[in-house]
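Asks: The working numbering puts the first residue of the sequence shown at 1, with every later residue one more than the last.
Glycine included, C-beta positions come from ideal geometry on N, C-alpha and C.
My structure is below; once you've seen it, I'll send some questions.
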Amino acid sequence: MSVDQNPVTPPEERKKVTVRHVQAMKTRHEPISMLTAYDYPTALVIDQAGIDIILVGDSLGMVELGYESTLPVTMDDMLHHCRAVARGAKYALLVGDMPFMSYQVSTNEAVRNAGRFLQEAGMNAIKLEGGVERAETIRAIVQTGIPVMGHLGLTPQSVNQLGFRPQGRDAEAAYKLLEDALALQEAGCFSLVLESIPGRLAELVSQELVIPTIGIGAGVGCDGQVLVTHDLLGLFERFTPKFVKRYANLSSEMRQAFSEYKGDVKSRAFPAEQHTVEMTDDEWRCLEEKLHSPTSKSLIQDPAVR
C-alpha cells in the first residue's frame, strides 16, 4: 500500500470577521482593509478577495442612484442594498451606513433604525456621522448591543454646512476633531472612519485612540483604509477625489464591450450558432406537418395572403 508522502492540506476555511477581530488587528498592527458594496455580485467578489470589512455606504446615492449628494438616500434604500450585500458576503464584517435624518431626530428613533440594519438587513454593525453631539445617540445604540462605527472629518451628510473639502486643517479644527474622536471612543464606538483630514492629524488621532481608525484620504498613519469601490474600479466618472487610487478603468472597458455588442447585433454577427438553441430535424418536420395539417388551427397565414 503506497502512502502519499506529500498530502495536500486543505486550506483553512476563512472565519467570519467580527468587531473583536477588527480591534485585535489594531493591537497587532495589522492594517484593516475596507471597501464599499451595494449589490450581491460585488459583495461576493469583495468577500472572495478577503477584504476585512464591507461598508454599505450611503454613497450609493451618488454612485448607484445618480443623486448629487447622499442626502436623498432613505432607510428603505439602505436596507434594500444591505440585504443584497448580506446575501453575497459571508465572511467580511458588514457595516450599514445610517442615512441622513435616520438618527438626528431623536435617540429613540436612532436606536430603532439602527436595529433595523441588523434585524432586517443582515448587517453586523452600523456607521453614523458626527462628533461629540452624537455621543448620547451612539451610547444608546451601543447599549442595545449594536456595534457602532463613527465617522469624522469630511462628513458628506453635512455637505450644506461644510462642503466637500478637507477638514481639520487649522489648529483649532484639528483640536476639535481630536476631542470628537475621544468622545466617540468613550461613547462606545468600536472604530472610526477619518475622511479627508491631514495625514499628521489622522496619525495623531490613531495613536491617541484605543479603537482602530480607518482612513479615506487621511494618509497612511491610520489603522486601516477604505475606498468607494466605484472609485477604485473607475466606474464613477463624475469626479474622482484626489485621494483615490484607481486600480482599474472599468467604465472604459464597459463602453468598449457595449459598443462591440451593438456592432455585432447590427451586423447580425450575434447571436452565432453556438449561442442558439435548436430543435432536431425530426422535431422540426413534425412541427411543419402539424402546422399544415387540415385538422390543425391555422396559426400561420398563407404566404400569398401575407
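Could you check which residue in 130, 60, 177 and 187 has the C-alpha nearest to that of residue 136?
Replies: Among 130, 60, 177 and 187, the Cα nearest to that of residue 136 is on 187.
Asks: Could you check where the beta strand (DSSP E) with residue 193 kicks off and where it finishes?
Replies: Looking at the DSSP string, the run of the beta strand (DSSP E) that includes residue 193 is 191–195.
Asks: Could you tell me the distance, in whole angstroms, from the CA atom of residue 217 to the CA atom of residue 194?
Replies: In a straight line, the C-alpha of residue 217 is about 8 Å away from that of residue 194.
Asks: Pull up the DSSP beta-bridge partners for residue 125, would you.
Replies: Residue 125 pairs with 95.
Asks: Taking just the CA atoms, how far does residue 57 sit from residue 108?
Replies: Their Cα atoms are separated by approximately 22 Å.
Asks: For residue 32 versus residue 146, is the C-beta spacing smaller than 8 Å?
Replies: No, they are not a contact pair.
Asks: Could you name each continuous alpha helix (DSSP H) segment of 4 residues or more that falls completely within the stretch 153–236, going from the start of the chain to the end?
Replies: Listed in chain order, they are 159–162, 171–187, 199–208 and 229–232.
Asks: When we look at the beta-carbon of residue 198 and count the other beta-carbons within 10 Å, is it buried (16 or more) or exposed?
Replies: Flag for residue 198 reads buried.
Asks: Does the separation of the CB atoms of residue 177 and residue 208 fall below 8 Å?
Replies: Against a cut-off of 8 Å, the Cβ pair of residue 208 and residue 177 comes out as no contact.
Asks: Are the CB atoms of residue 196 and residue 166 within a distance shorter than 8 Å?
Replies: Yes, Cβ-Cβ distance for residue 166 and residue 196 is below 8 Å.
Asks: On the criterion of 16 or more Cβ atoms from any shown chain inside 10 Å, does residue 291 qualify as buried, or is it exposed?
Replies: Burial call: exposed.
Asks: Thinking C-beta only, is residue 91 closer than 8 Å to residue 47?
Replies: In this structure, residue 91 lies closer than 8 Å to residue 47 by Cβ.
Asks: Just curious, the alpha helix (DSSP H) that residue 45 is in, first and last residue?
Replies: First-last of the alpha helix (DSSP H) with residue 45: 40–48.
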